[in-house]
Structures are given as structure tokens and as C-alpha cells.
Ligand code: SAM
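In full-length UniProt numbering, the protein residues as written are 1 to 276.
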């Protein structure tokens, strides 16, 4: 008998994956967590029936979450990830010569599952520069002023504990927690299925930060595939080519300086969403 996992990508669209095995399933304090081995995309981390990552395409999302803001800053020493308990974004941050990389994940079970099933991602937790905190990122960030050079919000969709990660008060706290050249980025979902949210987050960031921009990447297992990231910056214009490095001296599979320049070229239909 064939086994399939289906994700409701919107109320009217379902994406299905043929699976080999269900490797793990549990109900944590915050969400339902499952690890599935799929035919096409390899191992997949699923939270509340939503695909968080797959071994075949995780590099695209994690490289774009980390390298665009870190290179935009230019010389970050202290970096914070909020969410991201799988370790993928942290792994990419640690390719840079940062002094400290902190991660605040609300659900310790996500970290445990990553250590058990995704060693390629959780390898980051063993780096001596990494510090992991298991608590709500919204409360955590309020305790810092002028402290982090880059803050990355690697969150689940805006439901449950992640709702507050898409609110203006939170972005103001992030602004305060950043140093004077600070850079912030958040994953801001699909322009097809989360149009309203993208527009709202972009407008909040543009009100709070001197510079705000949206960039995109194509991630096959995220709804609609075309994915958005919204970046805010205190001093440096992220979409200015002058702030893109000439070369990247570590191995990547998606990110390159050319991709960095190109990712800010957004199509008219997204520009329309942002300006509505
Ligand atoms: N790359 C993924 C995506 O876009 O689907 C996100 C991956 S990562 C697993 C998201 C993490 O954010 C989850 O592990 C979740 O527990 C965590 N999270 C949700 N709300 C949070 C909060 N308020 N504070 C800290 N972590 C939170």
C-alpha cells in the first residue's frame, strides 16, 4: 500500500508527498511534530502538518536567511536567531567569522528531533560560538538593547506561538535590541497565499527601520514555491549592490554574490502588494 503525506498549502490547495516511512511523531507542549522519510525530498520535518524543511531543498531557505543579512551588515560579531530550532540557519551563520551566534527556540522538542534525525543541520549546536535558549523569542528580545548586530526570525507560519513574531511591537523590540548598524530579516511567507501578511510586515518594517526591502528565493516545498524574506536595516541599504560581497569564501549551494544582487529584483505583482 502506498503512503502519502498531504499538506494543505491553502484552504483550496493540497500538496502530497509519497512517503517511505513515518520516523517519528509526538505532541509537544506547543505543536504536533513529525519526521517523515519521503521518496522525492528525503527526510522532512513537519510541525502541525506543515512542512518546515526537507533534506533536498533546505539549503536554499537557510542560505538565503543567513547570508543576505550577514553580508549586508558586513562585519557582524553577535547574531541572534529566533525560532529555527532545526539548526539550519545557525549552521549557515557559523560559516561567517562571527564571535557568538545565539538561538532562541520556544520548543525544545524541535531541537531534540533535529539532533536525532537531522545531523546535517544540528551539527551547528556543537559549535563553541553557539548558545541555545529554550524560551519564547518575543519575551527574550525585550531584555536586550543595542546588543545584536543581526537578528533573524526563522519562524513557523503566523499561528500559535508564532503569531506575535509577525507583530509591530515585536519588530520595535528587535530594532532596540540591534546595534547601530543592525540588520534584521524575517521569513514572510508566500506572496500568493499570504499577500496581506507580506504587505503588513513590510509596512511595519518600513515604518520602524530607515531601510526596508523584500527579497525572494524559490523553495519547492514551501507553498507556491516563490518565497519572500523581509529585511530591515539601520544604516546600510540592503538592496544596494555596493553592500554585496565580491566573493563568498565558503561553500554554498544556492547563495552567490550574483544571487544576492538578483534576489532584490522583485516582480511587479509583488511591488503592487507592497505598495497597496
Ligand atoms: N523554515 C521554517 C519554515 O519557514 O517553515 C521554519 C523552521 S523552524 C522549525 C520554526 C521554529 O519556530 C519552530 O521550531 C517553532 O517552535 C519556533 N517558534 C515558533 N514560535 C516561536 C516563538 N514565539 N519563539 C521562539 N521560537 C518560536
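Ideal placement from N, C-alpha and C gives every residue a C-beta, glycine not left out.
As the structure is a prediction and not an experimental result, all values here were calculated from the model.
How big is the Cα-Cα spacing for residue i and residue j?
i           : j           : result
residue 73  : residue 271 : 24 Å
residue 264 : residue 238 : 9 Å
residue 26  : residue 176 : 37 Å
residue 22  : residue 75  : 42 Å
residue 108 : residue 234 : 32 Å
residue 163 : residue 43  : 27 Å
residue 225 : residue 64  : 14 Å
residue 236 : residue 52  : 31 Å
residue 77  : residue 143 : 19 Å
residue 275 : residue 199 : 8 Å
residue 16  : residue 220 : 12 Å
residue 240 : residue 29  : 43 Å
residue 97  : residue 266 : 30 Å
residue 20  : residue 83  : 28 Å
residue 85  : residue 9   : 22 Å
residue 61  : residue 217 : 7 Å
So does residue i have its beta carbon nearer than 7 Å to some heavy atom of the ligand SAM?
i           : result
residue 224 : no
residue 233 : no
residue 25  : no
residue 187 : yes
residue 107 : yes
residue 61  : yes
residue 178 : no
residue 30  : yes
residue 82  : yes
residue 68  : no
Whole-angstrom Cβ separation of residue i and residue j, contact assumed at under 8 Å?
i           : j          : result
residue 157 : residue 50 : 6 Å
residue 57  : residue 94 : With 8 Å as the limit, residue 57 and residue 94 do not qualify as a contact, their Cβ atoms being about 21 Å apart.
What I want to know is whether the C-beta of residue i ends up closer than 7 Å to one or more non-hydrogen atoms of the ligand FMN.
i         : result
residue 9 : Among the ligands present in this structure, namely the ligand SAM, the ligand FMN is not found.
Evaluate the contact criterion for the stretch 34-47 versus the stretch 205-215: three or more CB pairs, one atom per stretch, below 8 Å.
Note that the stretch 34-47 does not touch the stretch 205-215; fewer than 3 beta-carbon pairs, one per stretch, sit closer than 8 Å.
Count the C-beta pairs between the stretch 183-202 and the stretch 145-153 that are closer than 8 Å, then say yes if the count reaches three, no if not.
Per the Cβ contact rule, the stretch 183-202 is in contact with the stretch 145-153 (3 or more Cβ pairs under 8 Å).
Report yes or no: do the stretch 249-263 and the stretch 83-91 share at least 3 C-beta pairs separated by less than 8 Å?
Judged by Cβ distances under 8 Å, the stretch 249-263 makes no contact with the stretch 83-91, as fewer than three pairs qualify.
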